[in-house]
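All remarks here apply to the structure that follows.
Numbering (the working numbering), first residue to last: 862 to 1443.
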């Protein structure tokens, strides 16, 4: 009964989890001392009952009137001290472990490659960071407190039983192997249902996140009932899995108690016979019976703790699985201080997976420092993927991308990404001030530089009238500013970074014609002296590019200036006629 049986995989997970508690071993040992003190009081209580019966009734002693009340106070004081130390110290270590593990998991998220996020739903990762990690608090704090305290209590009581009468004690524990087997089976069921619950919680989080973030679209299409039905399905699945866990927990304790009661009944039969034959003193009978009955409560708690413990182990398995995923190596490779912006694609090909086929194939072109390259093509032609390869969101599956004559895979990833700045059509703003969002690219930037970047991107045109100016909070994902304002803040962020390579992915798509003209002037100034890649559907914004690359189905089919491509009367010219109805 001292430990809960675990399989090898569960032991490995639990030992790894306990490794996070190692730095806090002094506090942990203080909690173990509290557990031992608490366990000792139960055995002390049995000793107290035996001697009280002997001195008060068997062989009366007047002193019993003095030491019995004092002894009762001392026992309960020791019990209280032990209870406090075991509970508080274990919880303190547990919360520190959770803080460390949650911080480590989030830090790991930030270093995982983009391909990982292509496979995993963000809501599931969020559920692991919040719900799954919280379950570890039970496994690392509350459960271990109960395990140690109640296991020591059972050991102390059984030890005293052997001290009183070793033959009766041996008979009492004859059913211990059966109880241990039952607990093992219960643990397996708990772990299985806990894994299902955690998976279903990921689905609940995912659908709730989609419903909250997509509330405008849901309202527009009157899809509230449909989304409610989808949520109800995963919510019901979560309820059923929880009820299976609860059913197992509700059945396990009565079954274990029933098995224990059979052993108790047999022991009582033997003990009563011994008392009637005057082979067992009455005070020993009551002391033995008290100790035996006192083992049932800690035994019940040990059985009950199996559920949260196995939930924690299942949660730990899912978390360690992510922590074992390979992260991007940011600081390995050749250092790069400041790039000249010379970029060359050599027969570049890329595929997301072998099943999906090639996204890009045989792409070759050379961009000299300071040139502006426009990339056009139908949706799905590979434009965004092409520029993503430059910043190594993905690595090419064929060919090479050279920066200043060196393969980008040879550079330190951190240094490489310092050379690239991007303004995307999907602007992401953090729930921070406008100033904080602009300074995100260079956190240590002086206020004057931030304000200059804001002015260059025409951000000050609307912040001058906003409450707090640049200190205005933009809300969750920039919900408190307009689409055009979000775009300008994103452009200011790129201005502040001042990278030698600039990627503009539909950078002015959310702006009206008048504002687009103003922003384009700022962008033209920003692009001067920088190697720039412009992805655009509005062909008017790229007519002055040094060269225009036309992609179709992942292949480079045309290349040249605007005038050359119009004269060629090919794919680009067809796109131009379609857009301008000429």
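Built from N, CA and C at the ideal position, the CB exists for glycine as well.
Inset, instruction - Buried or exposed for residue 1171, please, with buried defined as at least 16 other CB atoms from any protein chain shown within 10 angstroms of its CB. - result: One-based indexing of the chain shown puts residue 1171 at position 310. Its Cβ being crowded by 16 or more others within 10 Å, residue 1171 is buried.
Legend entry - Cβ-based burial, residue 865 [other Cβ within 10 Å; buried from 16]: As a working mapping, residue 865 is identified with position 4 in the chain shown. Below a pLDDT of 50, predicted positions are generally treated as unreliable, and residue 865, at 41, falls in that range; the measurement from the model is reported next regardless. It counts as buried.
Inset, instruction - Flag this pair as yes or no: are the beta carbons of residue 1210 and residue 1221 separated by less than 7 Å? - result: Here residue 1210 corresponds to residue number 349 of the chain shown, with the count starting at 1. Here residue 1221 corresponds to residue number 360 of the chain shown, with the count starting at 1. Taking 7 Å as the Cβ cut-off, residue 1210 and residue 1221 qualify as a contacting pair.
Legend entry - Member of 1345, 1387, 1347 and 1344 whose CA lies at the smallest distance from the CA of residue 1364: Sequence index remark: in the chain shown, residue 1364 carries index 503 (1-based). Restricting attention to 1345, 1387, 1347 and 1344, the CA atom closest to the CA of residue 1364 is found in 1387.
Legend entry - Under 7 Å between C-beta atoms of residue 1320 and residue 1353: Start at 1 with the first residue of the chain shown, and residue 1320 comes out as number 459. Start at 1 with the first residue of the chain shown, and residue 1353 comes out as number 492. Residue 1353 sits close to residue 1320, with the two beta carbons spaced by under 7 Å.
Inset, instruction - Under the assumption that residue 1264 contacts residue 1272 (Cβ atoms under 8 Å), give the Cβ distance between them as a whole number of angstroms. - result: As a working note, residue 1264 is residue 403 in the chain shown. As a working note, residue 1272 is residue 411 in the chain shown. Sure, about 7 Å apart at Cβ, within 8 Å.
Legend entry - Cutoff 8 Å; reference residue 1290; Cβ partners in own chain excluding five residues on either side: Looking up residue 1290 in the chain shown gives position 429. Correct list, in chain order: 1298, 1335, 1338, 1339, 1342, 1347, 1350 and 1351.
Legend entry - Rounded Cβ spacing between residue 1191 and residue 1274 (contact assumed at less than 8 Å): Looking up residue 1191 in the chain shown gives position 330. Looking up residue 1274 in the chain shown gives position 413. Going by Cβ atoms, the distance from residue 1191 to residue 1274 rounds to 5 Å, so yes, they are a contact pair.
Legend entry - residue 1235 - partner residues in DSSP beta bridges: Counting from one through the chain shown, the residue named residue 1235 turns up at place 374. Bridge partners of residue 1235: 1395 and 1409.
Inset, instruction - Identify the continuous beta strand (DSSP E) that holds residue 1364 and give its terminal residues. - result: Taking the chain shown and counting its residues from 1, one reaches residue 1364 at position 503. That run of the beta strand (DSSP E) goes 1362-1366.
Legend entry - Collapsed DSSP secondary structure at residue 1227 in the structure displayed: Locating residue 1227 in the chain shown gives position 366, where the first residue counts as 1. Correct three-state label for residue 1227: strand.
Inset, instruction - Classify residue 1350 as helix, strand or coil using the three-state DSSP reduction. - result: For the purposes of this step, residue 1350 is identified with residue 489 of the chain shown, where counting begins at 1. In this structure, residue 1350 counts as helix in the three-state DSSP scheme.
Legend entry - Sheet register partners of residue 1377 (DSSP bridge): Here residue 1377 is taken as the residue at index 516 of the chain shown, counted from 1. DSSP, once it has assigned bridges, lists no residue as partnering residue 1377.
Legend entry - Cβ-based neighbour list, residue 862, same chain, cut-off 6 Å, excluding 5 preceding and 5 following: The residue given as residue 862 occupies position 1 in the chain shown. The pLDDT assigned to residue 862 is 35, lower than 50, so where the model puts this residue is not dependable; a value taken from the coordinates is nonetheless given after this. The answer, listed in chain order, is 1015.
Inset, instruction - Return the CA-CA distance between residue 876 and residue 955, expressed in angstroms with no decimal places. - result: Numbered from its first residue, the chain shown carries residue 876 at position 15. Numbered from its first residue, the chain shown carries residue 955 at position 94. Using only the alpha carbons, I get a separation of about 14 Å.
Legend entry - Separation of residue 1315 from residue 1085, as counted between CA atoms: For this step, residue 1085 is matched to residue 224 along the chain shown. For this step, residue 1315 is matched to residue 454 along the chain shown. If you take the alpha carbons of residue 1085 and residue 1315, they lie about 40 Å apart.
Inset, instruction - Under 6 Å Cβ to Cβ from residue 1072, same chain only, skipping five residues before and after it: list those, please. - result: Here residue 1072 is taken as the residue at index 211 of the chain shown, counted from 1. Here the set comprises 1088.
Inset, instruction - Could you check if residue 934 is buried or exposed, using at least 16 other CB atoms within 10 Å of its CB as the buried criterion? - result: The count along the chain shown starts at 1 and reaches residue 934 at position 73. Per the 10 Å Cβ criterion, exposed.
Inset, instruction - Answer with buried or exposed for residue 1138, where buried requires no fewer than 16 other C-beta atoms within 10 angstroms of its C-beta. - result: In the chain shown, residue 1138 corresponds to position 277, counting from 1. With fewer than 16 Cβ atoms within 10 Å of its Cβ, residue 1138 is classed as exposed.
Inset, instruction - Could you tell me the distance, in whole angstroms, from the CA atom of residue 1304 to the CA atom of residue 1310? - result: Position 443 of the chain shown, counted from the start, is the residue given in the question as residue 1304. Position 449 of the chain shown, counted from the start, is the residue given in the question as residue 1310. Near 11 Å, if we compare the C-alpha coordinates of residue 1310 and residue 1304.
Legend entry - Sheet register partners of residue 1267 (DSSP bridge): As a working mapping, residue 1267 is identified with position 406 in the chain shown. In DSSP, residue 1267 forms a bridge with 1264.
Inset, instruction - Using the Cα positions of residue 1178 and residue 960, report the straight-line distance between them to the nearest angstrom. - result: In the chain shown, counting from the first residue as 1, residue 1178 sits at position 317. In the chain shown, counting from the first residue as 1, residue 960 sits at position 99. Cα to Cα, residue 1178 sits roughly 17 Å from residue 960.
Legend entry - Limits of the unbroken beta strand (DSSP E) element including residue 1425: Working through the chain shown from its first residue, we reach residue 1425 at position 564. Careful: residue 1425 lies outside any beta strand (DSSP E), inside the alpha helix (DSSP H) at 1423-1429.
Legend entry - N- and C-terminal bounds of the beta strand (DSSP E) containing residue 1207: The sequence position of residue 1207 within the chain shown is 346, counting from 1. Start and end: 1204-1211.
Inset, instruction - Express the C-alpha separation of residue 1068 and residue 983 in angstroms, rounding to a whole number. - result: By 1-based counting over the chain shown, the position of residue 983 is 122. By 1-based counting over the chain shown, the position of residue 1068 is 207. C-alpha separation (whole angstroms): 11 Å.
Inset, instruction - Find out if the Cβ-Cβ distance for the pair residue 943, residue 898 is shorter than 7 Å. - result: Residue 943 sits at position 82 when you count from the first residue of the chain shown. Residue 898 sits at position 37 when you count from the first residue of the chain shown. A contact, by the Cβ cut-off of 7 Å.
Legend entry - First through last residue of the alpha helix (DSSP H) which encompasses residue 1284: Counting from 1 along the chain shown, the entry for residue 1284 is found at position 423. Here residue 1284 belongs to no alpha helix (DSSP H); instead the beta strand (DSSP E) covers 1281-1284.
Legend entry - Helix, strand or coil at residue 1254 [DSSP, three-state]: The residue given as residue 1254 occupies position 393 in the chain shown. It is coil, neither helix nor strand.
Inset, instruction - Name the two residues that bound the continuous alpha helix (DSSP H) containing residue 1312. - result: In the chain shown, residue 1312 corresponds to position 451, counting from 1. Taken as a continuous stretch (DSSP letters only), the alpha helix (DSSP H) holding residue 1312 covers 1308-1317.
Inset, instruction - May I ask you to verify whether the segment 1060-1067 touches the segment 980-997, counting CB pairs closer than 8 Å and requiring at least 3? - result: yes
Inset, instruction - Report, in whole angstroms, the separation of the C-beta atoms of residue 962 and residue 997, which I expect to be a contact under 8 Å. - result: Here residue 962 refers to the residue found at position 101 when the chain shown is read from its first residue. Here residue 997 refers to the residue found at position 136 when the chain shown is read from its first residue. That pair is a contact at about 6 Å.
Legend entry - the segment 966-982 contacting the segment 1147-1158, beta-carbon criterion three pairs below 8 Å: no
Legend entry - Local conformation of residue 1200 per DSSP, three classes: Against the chain shown, residue 1200 aligns to sequence position 339. The answer is coil: DSSP assigns residue 1200 none of H, G, I, E or B.
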